[in-house]
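Read in this note's numbering, the sequence shown has 0 at position 10, and its numbers run on one by one without any break. Remarks on the structure that follows.
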Amino acid sequence: MSKPTVSRIILWTTFLFLCLAPVLALAQTQPQATEEGRVTLDFKEVELADLIQTISELTGENFLYDETVKGKVTIVSPESMTLDEDYMLFHTVLNVKGYTVVPSGEVNKIVALKNAKESNLPTVLNGRGKMSEQVITRVFRLKYLDASIVGPTVLIPLMPSYANVAAYAPSNSLIITDTGSNIERLAKIIHELDQPDSEGLIEIVPLVNSSAEELAKILNEVMSQPASAPARRRRSTQAGAANEPVTKIIPYPAGRSLILLASGDDMVIIKSLIAQMDQEMSGARSNINL
């Protein structure tokens, strides 16, 4: 084959590659439609603006954002999802990049998470919120606990910096602003604590090495035994079992913490046990003698 012929082949190959490159790049940013009503989102290093455009076309939602909303994301989704699932995934991606969606009439504003609590957010009253990464405001009316104490003592230590909680004394309510999924986790804690038998001290204990769920299970088993410690035996004998305050140890895996509700004596016992058990183990768990 002559040199001019080889040169022409190389030239045409280069020309075709340059022509097809934009088409191939565009194909990488397009969702793959599968069965009816399901879509596979599979993007590699796609600009946020392109992802927003894609979600807008899929869902029919309108989005408003400025030039500060930028960045690249990669989404690996081997299985197809419904449009609702795609939209929840979109919220999660924005959350990871430091943004969230704030509905405003027929338009959805995309704003920085740190500024979301200053926006006009959707409000949920006592009902169940959506498990999503959208920032919302939810109101909880407490029956037995003091909202002004629960907010700063229990909730704030478990919440990210962009979130907010306020107590409204006239109705003994908590007004929480956070993502829907975070608020749903907090709602379970509020429900556990806001009970007629919830008397005593409340403290949050962060863990370093232990699983919150595993340690809570062990501690609840230990503290459910009436003669688990000398102090408890003495108090049980003096005051009678009927007056014994209820002890609750609630795990919060998302924040790797334990929420403790107990009398003063039991609080000392529980925190001592946590200090012994929440240690880096080189082998089997050390024995705890009560």
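Backbone N, C-alpha and C define an ideal beta-carbon position, used for all residues, glycine too. Nothing here was measured: the structure is a model prediction, and the numbers come from that model.
{"Item": "Whole-angstrom C-beta distance between Gly170 and Ile126, which should lie under 8 Å", "Value": "5 Å"}
{"Item": "Span of the alpha helix (DSSP H) around Ser247", "Value": "Careful: Ser247 lies outside any alpha helix (DSSP H), inside the beta strand (DSSP E) at 247 to 252."}
{"Item": "Separation of Leu54 from Val63, as counted between CA atoms", "Value": "19 Å"}
{"Item": "Touch test, the segment 257 to 269 against the segment 193 to 202, Cβ-Cβ under 8 Å, three pairs minimum", "Value": "yes"}
{"Item": "Reference Arg131, options Leu148, Ala177, Asn105, closest by Cα", "Value": "Ala177"}
{"Item": "Range of the contiguous beta strand (DSSP E) that encloses Ala193", "Value": "Just to set this straight, residue 193 is Glu in the shown sequence, not Ala. Its beta strand (DSSP E) spans residues 191 to 196."}
{"Item": "C-beta contact flag for Thr237 and Met213 at 8 Å", "Value": "yes"}
{"Item": "Counted within 10 angstroms of its Cβ, other Cβ atoms place Tyr134 as buried (16 or more) or exposed", "Value": "exposed"}
{"Item": "Terminal residues of the beta strand (DSSP E) in which Ile282 lies", "Value": "Any question about residue 282 goes unanswered here, given that the chain covers just -9 to 280."}
{"Item": "Cut-off 7 Å between Cβ atoms - residues of its own chain near Thr19, not counting five sequence neighbours on either side", "Value": "Because Thr19 sits at a pLDDT of 48, beneath the cut-off of 50, its placement in the model cannot be relied upon, and the point is left open."}
{"Item": "DSSP state of Asp268 mapped onto helix, strand, coil", "Value": "coil"}
{"Item": "DSSP three-state assignment for Pro52, whether helix, strand or coil", "Value": "Note that residue 52 is Asn in the sequence shown, not Pro. Residue state, collapsed to three classes: coil."}
{"Item": "Separation of Lys104 from Val155, as counted between CA atoms", "Value": "14 Å"}
{"Item": "Spatially closest choice to Glu96 from Pro160, Ser109, Glu51, Glu123, by CA coordinates", "Value": "Glu51"}
{"Item": "Residues of its chain near Ala106, where Cβ-Cβ distance is below 8 Å and the 5 sequence neighbours each way are ignored", "Value": "Thr90, Val92, Val125, Tyr152, Thr167"}
{"Item": "Whole-Å CB distance - Ser67 paired with Leu38, under 8 Å assumed", "Value": "Incorrect: roughly 17 Å between the Cβ atoms, too far for contact."}
{"Item": "Nearest to Ser161 (by Cα), restricted to the options Val144, Val129, Pro186", "Value": "Val129"}
{"Item": "Whole-angstrom C-beta distance between Gly190 and Leu145, which should lie under 8 Å", "Value": "Leu145 to Gly190, Cβ: 18 Å. No contact."}
{"Item": "Residue burial classification, Ala265 (beta-carbon count within 10 angstroms, cutoff 16)", "Value": "exposed"}
{"Item": "Cβ neighbours of Asn210 in the same chain (closer than 6 Å, five flanking residues each side left out)", "Value": "Ile239"}
{"Item": "Paired residues, beta bridge with Ile126 - DSSP", "Value": "Asp168"}
{"Item": "Range covered by the alpha helix (DSSP H) that runs through Val83", "Value": "73 to 86"}
{"Item": "Helix, strand or coil at Asn98 [DSSP, three-state]", "Value": "strand"}
{"Item": "Alpha-carbon spacing of Lys287 relative to Ala102, whole angstroms", "Value": "The displayed coordinates of the chain run from -9 to 280. Any statement about residue 287 would go beyond what the structure contains."}
{"Item": "Sequence-distant residues of its chain with Cβ nearer than 7 Å to Ser200 (five each side left out)", "Value": "Met267, Asp268"}
{"Item": "Cβ-based neighbour list, Lys207, same chain, cut-off 6 Å, excluding 5 preceding and 5 following", "Value": "none"}
{"Item": "Same chain, Cβ closer than 6 Å to Ile65, neighbours up to 5 away in sequence not counted", "Value": "Leu31, Phe33"}
{"Item": "Option nearest Pro243 by Cα separation, candidates Ala157, Met149, Val29", "Value": "Met149"}
{"Item": "Alpha-carbon to alpha-carbon, Thr49 and Met78", "Value": "11 Å"}
{"Item": "Cross-strand partners of Glu37 (DSSP beta bridge)", "Value": "Lys62"}
{"Item": "For Gly141 and Gln215, the rounded distance between their alpha carbons", "Value": "31 Å"}
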